[in-house]
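Chains as they are written, first to last, in my numbering: chain X, 471 to 720; chain S, 63 to 285; chain U, 5 to 480.
Just so it is clear, CB atoms sit at the ideal spot from N, CA and C, and this is done for glycine as well.
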């Protein structure tokens, strides 16, 4: 984002396909957190998916078609806020690579320049202040690989959690280790993925937290799903939904 | 035949063509701040001692007394040295000036080539060599073995003693290469040594004295 | 070629994951390496500068590769080093054998060399009546146990000290069982010292070959490398052709990156720089030095501007150390010479996608490797490229056996995915249907794999699209 610290009047919101299907409340929470600061949010109704699944699986042509479709839906020069490190990373860093030899590269680059991940936007641009109205709780945080290494927004995310007075944030021993989702990796190499997520759950369990917070729905689906499978007494939740809950004393 | 293979390899390499952007002529090095003499000595000492090198910082005039003490204490019987070097010459003089009651090791010369000397070499207790210089940033001495101080002197005997002039310690390896213009004069062999030999191949547990010397003793001579 | 046995990755993975001791050994070791690297590269800004320098040096070298190799050959020859060229590993093996036979040598002492693993040199020499003795402690241990290395830097990392104690006790004559590390090292030192003393020929790899001066640069901690390259009358060095660098001044940053990344050291015990055989009145050193330069697919990799980045690799092993997949399955599971992330991009290019392409799927693209690679190889990006090549059609196909995975089901599935995601209204209907049917769909194919370890996610009653519509969020 060019003008990092200038608060815009309007932003676009890219909800991501996983949020659309499985975690819409979290998607809405993200929107409300922005609206709360007096910023108008536009959600183009025709959006679907950033294209990452095909891009990572060896089908770049299909990914390009889907990517082009998305880009057309965000024509105005507003920032595009994305509540996911991996989708934001895809659109910000990988779209230019996907269109490297394409004549439309400039247009793509201009789109990519406007992408900003939700935590980054809330902390560095909106500088939101959170008042915790929830009861005391112990949580732990998982860094999605793309939030960590591509978008570099993990400190922003954690700073939001740390603002909450009644929330105790206990860190994982191997916070930066991949949870094993990797999109189609989870079903193409299930044994390895299973081993990775099991280790992640062991790490989560030893923190004594009752909630696992993360900024990526892929990780959430993976770790949350595995915790449910193992009957672990911990619930996974997206950061946006968690913050909104705490603000409203749920 | 190697030549036909060579031709085929090169034709493929040349066909690989030039990439779109040609790389710059030289790569700028990492900026470094040249340290003062005392800082260089301290840095080198700290780093080498951390990997079990025994370091003695002594005045240039009386290092041999210090050496004698060490040799006696360890009951070294044979010390391999090079009489036609500056330190070798000094040792010869000091040994002959000694009254002989003092249990000093026998000074041994690398006689003949390795083919003749091998058996003896493998029985030597300790060897002493000069050094080309040192590197403070990584903690290492630089050896340029030659016909006077052959390569195996600093490898086979279980104790290697090295004599280093403090002012020949460079801040960085790059500095040494550039200052002395190594590209124009590379000898048969150059070796950097940072400590006694070691390994961590078994459960990453560090153990010293594998195939190279078990002990490295360095005398840093000041002025 | 080093690996003729049937490669069943799935089986390898399964076996590795079930091996609790293996997983424990690797978890411990890799955790250690990660910490060591962090300690030695504690200044982020300086580390980043260093990586940029390292990458630039390699880019410059690869840009001029044929020229630099010619220069290297000329300088080496001028200095008295005999240079041999090998297109294939078979040729390289023959060259080594020819040198051994010329000297009627039946014993070879070896320093650690991944290229010699690539060549399958030990087995080849054994077939020809020559004993090749590994002298690097890790290699020595696994040679006793007839195993292959499981890591580029620490070949026996998959073994703990109890396992090593047992190997020494059973395989070295007159050796008591001891788990004491100092004692185990002393046994190795004593045994190998004999071998060094009697060695007729020594073999080593090459960490960097400097074209400017014709110098072979080798790093090590134990001293066995110096033994192999100094004591025997003949020294044979084997290297991949991508190991050449332009100038002597290129060495300090590369060495700093290599030792820091590989073992968390500022410098190894020894940095050994060899420019010629024994000269004139020198008293020791080999009388003959040979340099065998191996291609084995590298010149083809060079041809592709993106994939040539594979050749930046300085074999530090840090990508292995940081890889969550490698940590869990260990080196042997990869089935080919090079394990870990570098293996995942190198092996398929050298062996062909049909044989080794499966390795490129065994990554979650977490980027932990790319973050630490000292020469900035964009491994995840190259993995995506190999995945593209696995399915690609004729218009875009460079790697050996590309398109091997092309099949109707995958093509249709992804075309279907594309259709749904470019037709939002139909997509919305589809989601609604999945929401209703979802729990009733029998777990087949990918769903089955998912549900082996996880509960299925539940389709929300109302999608985000519906919620934003309901709550009046603007559309335009």
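Against chain X, does residue i count as a neighbour if the rule is that its beta carbon must be under 8 Å from one of theirs?
i, result
"residue 488 of chain U", "With chain U covering 5 to 480 only, the question about residue 488 of chain U has no answer from this structure."
"residue 395 of chain U", "yes"
"residue 388 of chain U", "yes"
"residue 75 of chain U", "no"
"residue 60 of chain U", "no"
"residue 545 of chain U", "Any question about residue 545 of chain U goes unanswered here, given that chain U covers just 5 to 480."
Does the Cβ of residue i have 16 or more other Cβ atoms within 10 Å, making it buried, or fewer, making it exposed?
i, result
"residue 265 of chain U", "buried"
"residue 440 of chain U", "exposed"
"residue 128 of chain U", "buried"
"residue 259 of chain S", "buried"
"residue 100 of chain S", "exposed"
"residue 501 of chain X", "buried"
"residue 640 of chain X", "exposed"
"residue 130 of chain U", "exposed"
"residue 572 of chain X", "exposed"
"residue 410 of chain U", "exposed"
"residue 461 of chain U", "buried"
"residue 490 of chain X", "buried"
"residue 397 of chain U", "exposed"
"residue 83 of chain S", "In this predicted model, residue 83 of chain S has a pLDDT of only 49, less than 50, meaning its place in the structure is not dependable; the value taken from the coordinates is given anyway. Exposed, because fewer than 16 other Cβ atoms sit within 10 Å of the Cβ of residue 83 of chain S."
At least one CB of chain U closer than 8 Å to the CB of residue i: is that the case?
i, result
"residue 222 of chain S", "no"
"residue 201 of chain S", "yes"
"residue 263 of chain S", "yes"
"residue 256 of chain S", "yes"
"residue 98 of chain S", "no"
"residue 234 of chain S", "yes"
"residue 103 of chain S", "no"
"residue 718 of chain X", "no"
"residue 479 of chain X", "no"
"residue 94 of chain S", "no"
"residue 274 of chain S", "yes"
"residue 253 of chain S", "yes"
So, is the C-beta of residue i closer than 8 Å to a C-beta in chain S?
i, result
"residue 106 of chain U", "no"
"residue 57 of chain U", "yes"
"residue 299 of chain U", "yes"
"residue 185 of chain U", "yes"
Taking C-beta to C-beta, are residue i and residue j nearer than 8 Å?
i, j, result
"residue 497 of chain X", "residue 553 of chain X", "yes"
"residue 274 of chain U", "residue 224 of chain U", "yes"
"residue 114 of chain S", "residue 281 of chain S", "no"
"residue 373 of chain U", "residue 393 of chain U", "no"
"residue 458 of chain U", "residue 706 of chain X", "no"
"residue 494 of chain X", "residue 456 of chain U", "no"
"residue 431 of chain U", "residue 513 of chain X", "no"
"residue 183 of chain S", "residue 255 of chain S", "no"
"residue 122 of chain U", "residue 300 of chain U", "yes"
"residue 442 of chain U", "residue 423 of chain U", "no"
"residue 302 of chain U", "residue 244 of chain U", "yes"
"residue 260 of chain U", "residue 54 of chain U", "yes"
"residue 202 of chain U", "residue 108 of chain U", "no"
"residue 215 of chain S", "residue 166 of chain S", "no"
Tell me whether residue i counts as near the ligand MN, meaning its Cβ is closer than 7 Å to at least one heavy atom of that ligand.
i, result
"residue 32 of chain U", "Absence of the ligand MN is noted for the structure shown, with no ligands found whatsoever."
> Taking Cβ-Cβ distances below 9 Å as the criterion, which residues of the stretch 667-682 of chain X are in contact with chain U?
Replying inline: 667, 668 and 669
>> Output needed in chain order: residues of the stretch 213-229 of chain U with a Cβ under 7 Å from some Cβ in chain S.
In response: 216, 217, 219, 225, 226, 227 and 228
> Listed in chain order, which residues of the stretch 574-607 of chain X have Cβ atoms closer than 9 Å to some Cβ of chain U?
Replying inline: none
>> If we require 3 or more residues per run, which beta strand (DSSP E) segments fall completely within the stretch 141-205 of chain S?
In response: 168-171, 188-192, 195-197 and 202-205
>> So if I threshold CB-CB distances at 9 Å, which residues from the stretch 694-712 of chain X count as touching chain U?
In response: 694, 695, 696, 697, 698, 699 and 700
> Got a sec: which bits of the stretch 264-294 of chain U sit with their beta carbon under 9 Å from any beta carbon on chain S, in order along the chain?
Replying inline: 267, 269, 270, 271, 272, 273, 274, 275, 276, 277, 278, 279, 280, 281, 282, 283, 284, 285, 286, 287, 288 and 289
> Can you list the beta strand (DSSP E) stretches of 3 or more residues lying completely in the stretch 162-197 of chain U, in chain order?
Replying inline: none
> Closer than 8 Å, Cβ to any Cβ of chain U: which residues of the stretch 513-525 of chain X, in chain order?
Replying inline: 513, 514, 515, 516, 517, 518, 519, 521, 523, 524 and 525
> Quick one, which residues of the stretch 611-630 of chain X are near chain U if we go by CB-CB under 8 Å, in chain order?
Replying inline: 615, 616, 619 and 620
>> At a CB distance below 9 Å, what residues from the stretch 646-663 of chain X approach chain U? Give them in sequence order.
In response: 646, 647, 648, 649, 650, 651, 652, 653, 654, 655, 656, 657, 658, 659, 660, 661, 662 and 663
> At which residue ranges does the stretch 392-445 of chain U contain complete alpha helix (DSSP H) runs of 4 or more residues, listed in the order of the chain?
Replying inline: 412-426 and 428-441
>> Runs of 4 residues minimum, wholly inside the stretch 89-144 of chain S: which ones carry the alpha helix (DSSP H) assignment?
In response: 99-112 and 125-135
> In chain order, which continuous runs of the alpha helix (DSSP H) of length 4 or greater are located wholly inside the stretch 216-279 of chain U?
Replying inline: 228-234 and 255-267
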